[in-house]
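When the letters of the sequence shown are read in order and numbered with full-length UniProt numbering, they come out as residues 1 to 266. Just so you know, even glycine gets a beta-carbon here, dropped at the ideal spot from N, CA and C. These notes concern the structure reproduced below.
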Amino acid sequence: MSLPTLTEAAPLLSLLLTTLISTATSHYASSSPPPPQSSLWHPARATYYAASDPRDKVGGACGYGDLVRAGYGMATVGLSEALFLRGQICGACFELRCVDDLRWCIPGTSIIVTATNFCAPNYGFTAEGGGRCNPPNKHFVLPIEAFEKIAIWKAGNMPVQYRRIKCRKEGGVRFTIDGSGIFVSVLISNVAGAGDIVAVKIKGSRSGWLQMGRNWGQNWHINSDLRNQPLSFEVTSSDGLTLTSYNVAPKNWNFGQTFEGKQFES
Numbered sequence: 001m002s003l004p005t006l007t008e009a010a011p012l013l014s015l016l017l018t019t020l021i022s023t024a025t026s027h028y029a030s031s032s033p034p035p036p037q038s039s040l041w042h043p044a045r046a047t048y049y050a051a052s053d054p055r056d057k058v059g060g061a062c063g064y065g066d067l068v069r070a071g072y073g074m075a076t077v078g079l080s081e082a083l084f085l086r087g088q089i090c091g092a093c094f095e096l097r098c099v100d101d102l103r104w105c106i107p108g109t110s111i112i113v114t115a116t117n118f119c120a121p122n123y124g125f126t127a128e129g130g131g132r133c134n135p136p137n138k139h140f141v142l143p144i145e146a147f148e149k150i151a152i153w154k155a156g157n158m159p160v161q162y163r164r165i166k167c168r169k170e171g172g173v174r175f176t177i178d179g180s181g182i183f184v185s186v187l188i189s190n191v192a193g194a195g196d197i198v199a200v201k202i203k204g205s206r207s208g209w210l211q212m213g214r215n216w217g218q219n220w221h222i223n224s225d226l227r228n229q230p231l232s233f234e235v236t237s238s239d240g241l242t243l244t245s246y247n248v249a250p251k252n253w254n255f256g257q258t259f260e261g262k263q264f265e266s
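So, in C-alpha cells, the structure goes:
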C-alpha cells in the first residue's frame with residue numbers, strides 16, 4: 001500500500017491539528033475556574049454618621065444591641081436595601097476602599113467592617129438625587145471613625161469599591177437567649193467565616209433537633225418549652241457550612257444570658 005502524498009495528507013493534518021487545539025483549549029478552560037467572589041471588587045458609594053448617633057446603642061436592624069459591648073466596636077456598617085437582603089446579610093464582612101477621588105481619598109488604605117444595620121430608602125428623593133439608599137443604589141453608611149480611615153470627612157458621599165470577605169472573630173459564636181415561657185428567642189453573634197447565618201436548629205436534652213425561624217436580623221425564635229434542659233445549637237452559614245455546638249447552655253440557663261459555642265474557621 002502506497003503512502004499518501006503531502007498534498008493528500010494536508011487536509012488530514014489540518015483536521016488533526018484543529019482537534020488537538022480544541023481539546024487543549026477545552027481542558028484549559030475547565031481547569032481554570034473564575035476567581036472566588038471575595039477577590040472581586042464592586043462599585044458603590046459611602047457616607048458616614050456622627051459618633052453620637054444613637055444607632056450605636058440600639059444595634060440597628062440586625063439586633064446586636066450595643067455594638068461596642070457586643071464586640072463590633074466602630075468597625076460596622078449599615079447597608080442599603082440592595083445589599084441588606086432583608087436582614088439575611090447581618091454579620092457578613094466587607095472590605096471597602098476609597099477610589100476615583102485623589103483630593104479626598106487616603107491612598108493605599110482599606111477598612112474591614114461587619115454588616116450590623118440597615119439604611120432605609122427615602123422615596124421622597126430619587127435614587128440619583130438624594131435617596132442614597134434607594135434601590136438600586138449600593139450604599140454603605142459608616143461610623144465617622146471608620147470612614148476617616150479611608151477618606152477625609154469633608155468628602156461626604158464618596159465613591160468606593162467593596163468586596164465580601166471572610167470574617168475573623170475572637171472566641172466562639174455567641175448565643176444570647178431571650179424570651180419568656182415557651183417562647184425562646186436566640187440572638188446569634190460573633191460569627192467568623194461567612195458571618196451571616198441562614199438556618200438555626202436548637203436541641204434540648206429532652207427534645208430532638210428543632211428548626212428555628214428568623215424573627216429579624218440574626219434573632220431566631222421558636223415556641224417550645226426548653227426550660228431546665230441543657231441546650232445545643234446547629235447553625236448554617238450562607239456558604240453552606242454547618243457548625244454544631246453541644247450543651248452550650250447548662251440545664252439552669254436563664255433568659256437574658258449569653259453563652260459561647262464553637263467557631264467557624266476564618
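Status (buried if at least 16 other CB within 10 Å, exposed otherwise) for residue i
i, result
"H27", "Interpretation of H27 is limited by its pLDDT of 25, a score under 50 that renders its predicted location unreliable; no figure is taken from the coordinates."
"F264", "buried"
"R132", "buried"
"D239", "exposed"
"residue 287", "In this structure the chain extends from 1 to 266, so residue 287 is not present and cannot be described."
"F233", "buried"
"Q218", "buried"
Contact check, residue i vs residue j, beta carbons under 9 Å
i, j, result
"Y49", "V141", "yes"
"A192", "R168", "yes"
"V200", "I188", "yes"
"I106", "C98", "yes"
"I177", "G256", "yes"
Sheet register partners of residue i (DSSP bridge)
i, result
"T242", "T236"
"R45", "H139, P159"
"A199", "T236"
"S185", "D178, H221"
"residue 271", "Outside the displayed range of the chain (1 to 266) lies residue 271, so it cannot be described from this structure."
"A249", "L231"
C-alpha distance - residue i paired with residue j, whole-angstrom precision
i, j, result
"S32", "R163", "Because S32 carries a pLDDT of 30, less than 50, the predicted location of this residue cannot be relied on, and the following value inherits that uncertainty. The straight-line gap from Cα to Cα measures roughly 21 Å."
"N117", "E81", "11 Å"
"I144", "D66", "17 Å"
"V77", "H139", "10 Å"
"D101", "F147", "14 Å"
"N190", "G172", "7 Å"
"I152", "P43", "19 Å"
"residue 285", "G63", "The displayed coordinates of the chain run from 1 to 266. Any statement about residue 285 would go beyond what the structure contains."
> Along the chain, which unbroken stretches of the beta strand (DSSP E) at least 3 residues long are found entirely within the UniProt domain "Expansin-like EG45" (59-172)?
Replying inline: 76-80, 93-98, 111-119, 139-143, 158-165
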